[in-house]
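As structure tokens, the structure follows; a few thoughts come after it.
There are 2 protein chains.
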Amino acid sequence: MAEDKNASQSVQRQLKLGIVGIGVGASEILPAMEQIPEFKLVAAADINPRVLETFRQRYGAKTYDSVEKMCVDPDVEAVWVSTPNKFHAPHTLIAANAGKHVVVEKPMAISLKEAEQMIEASIKNKIKLLCGHTQSFGPHIRTMRKIIRSGELGRLCALHVWAYTDWMLRPRTAEELDVNQGGGVPYRQGPHQIDTLRLLGGGLVRSVRGATGQWFQGRPIPGYYSGFLEFEDGTPATFMHNGYGYFLASELVPWGGQNIRYSEAERAAIRKSLLDGTRDENADKDEMRIGGAQEREVRDRSKVKPWVPNDLGILVATCEKGDLRQSQYGLFVHSDQGTKDVPLIGGGGPSRRGELMELYNAVVLDKPIRHTGPWGMATLEVCLAIIQSAKERKEILLSHQVPAPEED
Amino acid sequence: MAEDKNASQSVQRQLKLGIVGIGVGASEILPAMEQIPEFKLVAAADINPRVLETFRQRYGAKTYDSVEKMCVDPDVEAVWVSTPNKFHAPHTLIAANAGKHVVVEKPMAISLKEAEQMIEASIKNKIKLLCGHTQSFGPHIRTMRKIIRSGELGRLCALHVWAYTDWMLRPRTAEELDVNQGGGVPYRQGPHQIDTLRLLGGGLVRSVRGATGQWFQGRPIPGYYSGFLEFEDGTPATFMHNGYGYFLASELVPWGGQNIRYSEAERAAIRKSLLDGTRDENADKDEMRIGGAQEREVRDRSKVKPWVPNDLGILVATCEKGDLRQSQYGLFVHSDQGTKDVPLIGGGGPSRRGELMELYNAVVLDKPIRHTGPWGMATLEVCLAIIQSAKERKEILLSHQVPAPEED
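Chains as they are written, first to last, in my numbering: chain A, 617 to 1024; chain B, 617 to 1024.
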């Protein structure tokens, strides 16, 4: 069906994508890939035969049981890396060394050393490396950035973001429950907030002081972080993500009851089942993968859903002459002209369209990438600094920061 | 009338209060003083003849044009210091040296040296010194503390507070517009959040990293601060107050439209009048003092008003097994038992009752003070550290912290 739709639209040049790791991350990006005619899904690699078969049937694409095999396929122009975190670097290197362009999901890598190797490989092989999958690509943030950069509200003065989510209660694989493999909220959710703050604040973080926390016995990974950061130009930001799912930030907007993943009673039941070991986590997880019942819900784009405080959280950007924050379908601009509900760039559109078009424009139209390797590495540096600051109980100065791109 | 009411209730021992500084701060505490039969207002000192005359007529009390004269009056047992910030220390010293007990409003002083002198004077003269006037005395926070200390939700793990207010748009006197006299949001509003965080977090702040901000041309004082602090036991907190009044945190609760001081249009008009110099700030301020139109509104306690995110802001206290936050008339307790709206200690009651009874119980019943001089000095130390951290762009370690009191 996606094939037919793609074929029926007159796109001069389709970019042929292979995806490695058909997990929950992939389930979130696949609907956007289907809807954007500039892309053609030609291949997938995974170690799970069930998801490969579903993928093959749905997309008529080739399937491989290893990333190495997929990267030999000359049909694949670009590789989408959505494997578990510890594979982000090695799979990116395999794809880059095979001459494929790469989009790697957040976190880019587990260490700065890995990030450096990925950047080097992209340069050596002359491929485009895009550090994707953070909410900084989303229409809310892009619109916010556009307004900030327009100067109509004066300079940016402060950024504050709160995320209270149920992240820790969602089904997890064994490797997601290992902090050494990049598990937990700081590694997994830090990039959303930090990438977004950096994009809005100009990119150059001077220092960060942070904390991490782990206090639910049913999960052996940190479910919390918070901190303060300051940009080189002095702009401050505070941020926090609590994934334990008691209070949800969605309660802070009147329409927040919509699109809740689990009810309060379900959250309590999940916690109990995690504590007493009765949860069939693999089955729950599989429901979210391609072909699973929950994946079908994610794919249902029949209507535009309102924004609710999600994994990024509620973000307030303060300028000299006004504040910006997300509304249901746009942005609230609070200024001396009152509160206006401003529509989003491109009318919103598929939430993941931003990063896909960034890849397409880079590969096909040779436009610059915003979320480059060095950009992703700078975000990773801040996330790692939060963890380091928590351990050492001191402020961490940063040294790998790069500015946000000039153009929008 | 207050006299009659007091006399009609059988309180064995009334504490005779003199108040110095009949400004807006006093207007906020006077209604509670009237309603609590344990107190008798016997004297006031101010340099404004109009407010003194109103005070004399309303309370049948003696009035003085200087604190020195009032402190000679043997009828005055305790002095409430609600003069401008720069007078907090000298007026406390005058009262203490005259043998009067003292409640000093926030901030306790402008410097730690002043705070030390106040503590020394209280010891030397054997008087009770209470560092008052912060929202940590309020029923929401006291109830929150009680639940945290009960252990029913496990240990405290994190605290986060957001205040987006119109503080900078309220009428100000000349001295309030001088940061060297303790003007601006960090000095004036910092104590609410820091005192509250310290009370909930156990008191012992290890370090703070903060920022301050000043970006509205119509006000020559900082209207913003934010930061991260960590307690000795590792519990983190983030905090922020933006007083510029574009976005208001009251929009983050469904009932937040109630009790808004200025409408959006009024806020815009105030900003404009501050910028073009047309605002009659003295007249506006006088409306809020005793006898003014707005003061009468504050005094109207005919019905209990719902809590809305006010100068303290929205506070979320996270424990191992649940989150706590303010509700309209109580506390939301989000736990595995669902969300419960728990009533407040004492049914709420007059919002300023807490500090008055703390004074009464200390002086008359010789009970310990919770908000002692050293406690107030520790809160001041954190507030000053936010300012210092903003200037020096580094984390500040603290050295004058004292633990929160054991009893409730």
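A virtual CB, placed ideally from N, CA and C, is assigned to each residue, including glycine.
Does the distance from the CB of G819(B) to the CB of G829(B) come in under 8 angstroms? Here residue 819(B) refers to the residue found at position 203 of the second sequence. Here residue 829(B) refers to the residue found at position 213 of the second sequence. No. Outside cutoff.
Once the 5 residues before and after G637(B) are set aside, which same chain residues still bring their CB inside 6 angstroms of it? Taking the first residue of the second sequence as 1, we reach residue 637(B) at position 21. Its chain contains S698 and T699 as the residues whose beta carbon lies nearer than 6 angstroms to that of G637(B), once the 5 sequence neighbours on both sides are disregarded; these appear in chain order.
To which residues of the same chain is W783(B) closer than 8 angstroms at the C-beta, ignoring the five residues directly before and after it? Working through the second sequence from its first residue, we reach residue 783(B) at position 167. Excluding the 5 residues flanking it on each side, W783(B) has same chain C-beta neighbours closer than 8 angstroms at V801, R804, Q805, G839, H857, G859, G861 and D927, in chain order.
Which residues of the stretch 773–793 of chain B have a Cβ closer than 9 angstroms to any Cβ of chain A? Give them in chain order. Cβ contacts with chain A come from C773, A774, H776, W778 and Y780.
Residues that DSSP places opposite Y680(B) in a beta bridge: The count along the second sequence starts at 1 and reaches residue 680(B) at position 64. According to DSSP, Y680(B) bridges with A661(B).
At a Cβ threshold of 8 angstroms, is W831(A) touching chain B? Here residue 831(A) refers to the residue found at position 215 of the first sequence. Taking Cβ atoms only, chain B reaches closer than 8 angstroms to W831(A), which makes this a yes.
Leaving aside the five residues before and after A694(B) along the sequence, list all residues of the same chain whose C-beta is less than 8 angstroms from its C-beta, in chain order. As a first step, residue 694(B) must be located in the second sequence, where it is residue number 78. L631, K632, L633, G634, K716, H717, V718, V719, K744, L975 and V979.
Per DSSP, what kind of secondary structure is V998(B) in: helix, strand or coil? Numbered from its first residue, the second sequence carries residue 998(B) at position 382. Annotated three-state conformation of V998(B) is helix, per DSSP.
With a threshold of 8 angstroms between beta carbons, is A1010(A) in contact with chain B? Taking the first sequence and counting its residues from 1, one reaches residue 1010(A) at position 394. Looking at the sequence shown, residue 1010(A) is not Ala but Lys. By this cut-off, K1010(A) is an interface position.
Beta-carbon spacing of C687(B), G989(B) below 8 angstroms: The sequence position of residue 687(B) within the second sequence is 71, counting from 1. The sequence position of residue 989(B) within the second sequence is 373, counting from 1. Not in contact: C687(B) and G989(B) (Cβ atoms no closer than 8 angstroms).
Quickly, what does DSSP pair E846(A) with across the bridge? List them, please. The sequence position of residue 846(A) within the first sequence is 230, counting from 1. Partner(s): S823(A) and P852(A).
Could you check the C-alpha separation between A660(A) and K762(A) for me, to the nearest Å? Residue mapping note: residue 660(A) aligns to position 44 of the first sequence, counting from 1. Residue mapping note: residue 762(A) aligns to position 146 of the first sequence, counting from 1. Taking C-alpha positions only, A660(A) is separated from K762(A) by approximately 35 angstroms.
Indicate, with yes or no, if the ligand FMN has a heavy atom lying under 7 angstroms from the CB of G754(A). This structure simply doesn't include the ligand FMN, nor any ligand for that matter.
Would DSSP call A774(B) helix, strand or coil? The sequence position of residue 774(B) within the second sequence is 158, counting from 1. Note: A774(B) maps to strand in three-state DSSP.
From this set, S682(A), Q751(A), L845(A) and Y680(A), which residue's C-alpha is nearest G826(B)'s C-alpha? Counted from its first residue, the second sequence places residue 826(B) at position 210. Minimum Cα distance to G826(B) is reached at L845(A).
Own chain partners of A731(B) with C-beta closer than 6 angstroms, once the 5 adjacent residues on each side are dropped: Residue numbering aside, residue 731(B) sits at position 115 when the second sequence is read from its first letter. Cβ neighbours of A731(B) beyond the five flanking positions: M724, A725, M993 and L996.
Tell me, please, whether the CB atom of V932(B) is closer than 8 angstroms to any CB atom in chain A? Within the second sequence, residue 932(B) is the residue found at index 316, counting from 1. Yes, V932(B) counts as interfacial toward chain A.
Should T894(A) be labelled buried (16 or more other beta-carbon atoms within 10 Å of its own) or exposed? For the purposes of this step, residue 894(A) is taken as residue 278 along the first sequence, with counting starting at 1. Looking at its Cβ environment, which holds fewer than 16 other Cβ atoms inside 10 Å, T894(A) is exposed.
At a Cβ cut of 9 angstroms, what residues of the stretch 676–704 of chain A count as close to chain B, listed as they run along the chain? Listed by position, the residues of the stretch 676–704 of chain A near chain B (Cβ gap below 9 angstroms) amount to none.
Relative to the alpha-carbon of M904(B), which residue among F863(B), R666(B), D681(B) and N701(B) has its alpha-carbon at the smallest distance? Position 288 of the second sequence holds residue 904(B). For the set F863(B), R666(B), D681(B) and N701(B), the Cα lying nearest the Cα of M904(B) is the one of R666(B).
Do C935(B) and L709(B) have their C-beta atoms within less than 8 angstroms of each other? By one-based count along the second sequence, residue 935(B) stands at place 319. By one-based count along the second sequence, residue 709(B) stands at place 93. No, the Cβ-Cβ distance between C935(B) and L709(B) is not below 8 angstroms.
Please list the partners that A1001(A) has in chain B, where partner means a Cβ-to-Cβ separation under 7 angstroms. Here residue 1001(A) corresponds to residue number 385 of the first sequence, with the count starting at 1. Within chain B, no residue has its CB atom less than 7 angstroms from the CB of A1001(A), the nearest being about 13 angstroms off.
On the CB-based measure, 16 or more other CB atoms within 10 Å of its CB, does A853(B) come out buried or exposed? Position 237 of the second sequence, counted from the first residue, corresponds to residue 853(B). Residue environment for A853(B): buried (at least 16 other C-beta atoms within 10 angstroms of its C-beta).
Spatially closest choice to L1048(B) from P653(B), Q1017(B), Q833(B) and K722(B), by CA coordinates: Residue 1048(B) is absent from the model: chain B starts at 617 and stops at 1024.
Counting only the same chain and skipping the five closest in sequence on each side, list residues whose C-beta sits under 7 angstroms from that of V658(A). As a first step, residue 658(A) must be located in the first sequence, where it is residue number 42. Closer than 7 angstroms at Cβ, skipping near neighbours: K632, L633, G634, A677, K678, D691 and V692.
If you follow the alpha helix (DSSP H) that V636(A) is part of, which residue opens it and which one closes it? Indexing the first sequence from 1 puts residue 636(A) at position 20. Element bounds for V636(A): not the alpha helix (DSSP H) but the beta strand (DSSP E), L631 to V636.
Who are the Cβ neighbours of N875(A) in its own chain at under 7 angstroms, not counting the five residues just before and after it? Residue 875(A) sits at position 259 when you count from the first residue of the first sequence. Here the set comprises K921 and V924.
Which value, in whole angstroms, describes the spacing of the CA atoms of Q1017(A) and T851(A)? The residue given as residue 1017(A) occupies position 401 in the first sequence. The residue given as residue 851(A) occupies position 235 in the first sequence. Their backbone Cα atoms lie some 15 angstroms apart in a straight line.
If we cut at 8 angstroms on Cβ distances, does E848(A) have a partner in chain B? Sequence index remark: in the first sequence, residue 848(A) carries index 232 (1-based). Chain B places no beta carbon closer than 8 angstroms to that of E848(A), leaving this residue out of the contacts.
Please determine if the stretch 637–646 of chain B and the stretch 864–882 of chain B are in contact, where contact requires at least 3 C-beta pairs separated by less than 8 angstroms. No contact exists between the stretch 637–646 of chain B and the stretch 864–882 of chain B.
Buried or exposed: where does R912(A) fall if 16 or more other Cβ atoms within 10 Å of its Cβ makes it buried? Locating residue 912(A) in the first sequence gives position 296, where the first residue counts as 1. Burial check for R912(A): the Cβ neighbour count within 10 Å stays below 16, so the residue is exposed.
Reduced DSSP category for N898(B) - H, G, I as helix; E, B as strand; rest coil: Counted from its first residue, the second sequence places residue 898(B) at position 282. Correct three-state label for N898(B): helix.
Rounded to the nearest angstrom, what separates P612(A) and R822(A) at their Cα positions? Chain A is shown from 617 up to 1024; residue 612(A) falls before or after that span and cannot be answered.
Between D811(A), A705(A) and N664(A), which lies nearest to S752(A) when the distance is taken from Cα to Cα? Along the first sequence, read from residue 1 onward, the residue named residue 752(A) stands at position 136. The option with the nearest alpha carbon to S752(A) is D811(A).
Considering Cα atoms alone, identify which of K740(B), L864(B) and V949(B) is closest to F948(A). Against the first sequence, residue 948(A) aligns to sequence position 332. It is L864(B).
Leaving out five residues on either side along the sequence, give the residues of the same chain with a beta carbon under 7 angstroms from the beta carbon of D662(A). The residue labelled residue 662(A) in the question sits at position 46 within the first sequence. Excluding sequence positions up to five before and after D662(A), its CB lies within less than 7 angstroms of the CB of G637, I638 and L668, all in the same chain and listed in chain order.
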